[in-house]
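Participant:
Below is the structure:
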């Protein structure tokens, strides 16, 4: 089983310090919701965000959306061999059940996240497919107890995804951490959580590219594509 963590992700409610900004007040009125239940999005809140701390890393919920679609739609997830978590830049963790099917439409995804922020879980009754807790990344790692943790970061040791997947596949509970933010670098405290920090390309790759490629390489290393195709021949799919 592979553990995937999107870390320091640019997904958060609109922070209190900009609630009074005209752009936020207008957006809140238009949406009919208080700012605390709305998702910060640079597409709408660029001018209001200019003075926020680490502004360059914030307000990109689309990154989490793309990454989750890639992860949850993978054969690895369909086989129950992937566990996915979203750690946010404001130190919350979203737990994602493997059977979750997220909306492909971005606006519907934002509506789902806004429900999650308001109620703490989705759906609000019955077994939750998503739920959120206030939790730091070190605490999440401590809870999950991975046997080996890899962070993908351009400052890391050059290594191919194939080599990385081969190492992960030999571990009982491997974890990979991918940055869920558009610009900047991981905090030093985050980097210290890794057993290995790896650079897989000389250029900065989009988070969803890393997610899809490491999942595929892991699937290939454990022989999952062949195993699934063998079921077709046996008529067990």
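In our numbering, the protein residues as written are 14 to 250.
All C-beta atoms in this analysis are idealised placements derived from N, C-alpha and C, irrespective of residue type, glycine included.
Predicted model only: the values in this text are computed from it and were never measured.
Can residue 74 and residue 52 be called in contact, C-beta distance under 7 Å?
Facilitator: Contact flag set, yes.
Participant: Buried or exposed, going by whether 16 or more other CB atoms sit within 10 Å of the CB of residue 188?
Facilitator: It is buried - the Cβ of residue 188 has at least 16 other Cβ atoms within 10 Å.
Participant: Can you give me the start and stop residues for the alpha helix (DSSP H) that residue 203 sits inside?
Facilitator: 201 to 204 is the extent of the alpha helix (DSSP H) around residue 203.
Participant: Can you tell which of 164, 119, 163, 153 has its C-alpha closest to the C-alpha of residue 54?
Facilitator: The shortest C-alpha separation from residue 54 is found at 119.
Participant: Go ahead and label residue 226 buried or exposed: buried means 16 or more other beta carbons lie within 10 angstroms of its beta carbon, across all protein chains shown.
Facilitator: Looking at its Cβ environment, which holds 16 or more other Cβ atoms inside 10 Å, residue 226 is buried.
Participant: When you compare the segment 126 to 142 with the segment 80 to 94, are there three or more beta-carbon pairs, one atom per stretch, that lie closer than 8 Å?
Facilitator: In short, these stretches do not touch, since the Cβ pair count stays below three.
Participant: What would DSSP say about residue 101, mapped onto helix, strand or coil?
Facilitator: Residue 101 falls in the strand class under three-state DSSP.
Participant: Using the three-state DSSP reduction, which class does residue 20 fall into: helix, strand or coil?
Facilitator: Residue state, collapsed to three classes: strand.
Participant: So what's residue 113 in DSSP terms, helix, strand or just coil?
Facilitator: Here residue 113 sits in coil by DSSP.
Participant: On the CB-based measure, 16 or more other CB atoms within 10 Å of its CB, does residue 173 come out buried or exposed?
Facilitator: Exposed, because fewer than 16 other Cβ atoms sit within 10 Å of the Cβ of residue 173.
Participant: For residue 158 and residue 186, I'd like the C-alpha separation in whole angstroms.
Facilitator: Distance between the alpha carbons of residue 158 and residue 186 is about 8 Å.
Participant: Go ahead and label residue 242 buried or exposed: buried means 16 or more other beta carbons lie within 10 angstroms of its beta carbon, across all protein chains shown.
Facilitator: That one is exposed.
Participant: Rank 199, 24, 208, 65 by C-alpha distance to the C-alpha of residue 32 and give the top, closest one.
Facilitator: It is 65 whose Cα lies nearest to the Cα of residue 32.
Participant: DSSP on residue 147, reduced to helix/strand/coil?
Facilitator: Strand at residue 147.
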